[in-house]
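First residue of the sequence shown? That's 29 in my numbering, and the numbers climb one at a time after it.
The beta carbon of each residue, even a glycine, is placed where N, CA and C say it ideally should be.
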Amino acid sequence: MAGETVITLQGNLVDDPELRFTPAGHAVAKFRVASTPRTFDKSTNEWKDGDTLFLTVSAWRRLAENVAESLKRGDRAVIVGALKQRSYDDREGIKRTVYEIDAEDVAASLKNATATPTKGGKSTTSSAGYGQQQTQQGYGGYSAQQKPSTDQWNTGAQQRHGDEPPF
29 MAGETVITLQ
39 GNLVDDPELR
49 FTPAGHAVAK
59 FRVASTPRTF
69 DKSTNEWKDG
79 DTLFLTVSAW
89 RRLAENVAES
99 LKRGDRAVIV
109 GALKQRSYDD
119 REGIKRTVYE
129 IDAEDVAASL
139 KNATATPTKG
149 GKSTTSSAGY
159 GQQQTQQGYG
169 GYSAQQKPST
179 DQWNTGAQQR
189 HGDEPPF
């Protein structure tokens with residue numbers, strides 16, 4: 029996301045993510061998020077809600093599929109992505125400008141909820157780069173076949189051979 033305006037947004041999903049596929053077969057999930065700032069008014073000793081900001085979020089490929097499977101309307105989420113501005117003419121010919129987020133990462137907020145993450149299968153993307161998912165290899169970068177027997181995070185018994193280092 030070099031040269032783009034990257035923002036982090038937290039808010040509630042206004043609608044369920046809509047999962048679609050491009051003609052090339054790439055998944056895209058679109059959903060809207062509402063974020064309302066709150067400030068404390070010392071004179072009335074109350075919290076006051078500000079104006080709600082509504083933004084449309086687009087997530088692509090594996091992220092899109094995970095978002096559509098994991099989140100629903102009303103869920104609180106944290107989104108990191110590039111802020112985009114788009115202008116168009118509406119049906120009456122009036123020029124409109126909208127702001128959208130092209131998501132790089134989306135997570136369920138754990139402020140008022142719990143979650144149990146599950147790791148997905150391997151990505152089908154062959155080369156990793158901007159906007160593409162890297163092959164899932166687990167924590168530490170080892171695939172299941174390459175994982176050394178001295179993995180210090182392994183919950184099973186550790187096995188070391190000779191003068192092998194513990195990492």
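Do residue 44 and residue 86 have their CB atoms nearer than 8 Å? Cβ distance not < 8 Å, so residue 44 and residue 86 don't count as in contact.
Cβ-Cβ separation, residue 57 to residue 105 (assumed contact under 8 Å), whole Å:
Actually they do not touch by this definition, with Cβ atoms about 12 Å apart.
_Contiguous beta strand (DSSP E) assignments of at least 3 residues, all confined to the stretch 44-82_ = 46-49, 55-63, 66-69 and 74-77
Measuring alpha carbon to alpha carbon, tell me which of 110, 60, 54 and 117 ends up nearest residue 81. 60
Output the distance between the C-alpha atoms of residue 98 and residue 64, rounded to the nearest integer angstrom.
23 Å
Point to revise | Pick from 67, 84, 70 and 36 that is closest to residue 125, judged by C-alpha positions | key: 84
Quick test of your reading: residue 37 and residue 107, contact by CB under 8 Å. State the CB separation rounded to the nearest angstrom. 5 Å
| So who's on the other strand from residue 39, going by DSSP bridges? | 105
Residue 48 versus residue 69: straight-line alpha-carbon distance, rounded: 44 Å
Which residue's Cα is closest to the Cα of residue 113: 54, 128 and 119?
Shortest Cα-Cα distance from residue 113 to any of 54, 128 and 119 involves 128.
Item to check | Selection from 90, 62, 91 and 32 that minimises the alpha carbon distance to residue 77 | outcome: 62
- prompt: Just the Cα atoms here: how many angstroms apart are residue 53 and residue 91?
  reply: 14 Å
For this session: Report the rounded CA-to-CA distance for residue 35 versus residue 75, giving the unit in angstroms.
Result: 25 Å
- Residues bridged to residue 129 by DSSP? Per the DSSP secondary-structure output, residue 129 pairs in a beta bridge with 85 and 111.
If you compare alpha carbons, which of 39, 94 and 41 is closest to residue 147? Selected option, being the one with the closest Cα: 94.
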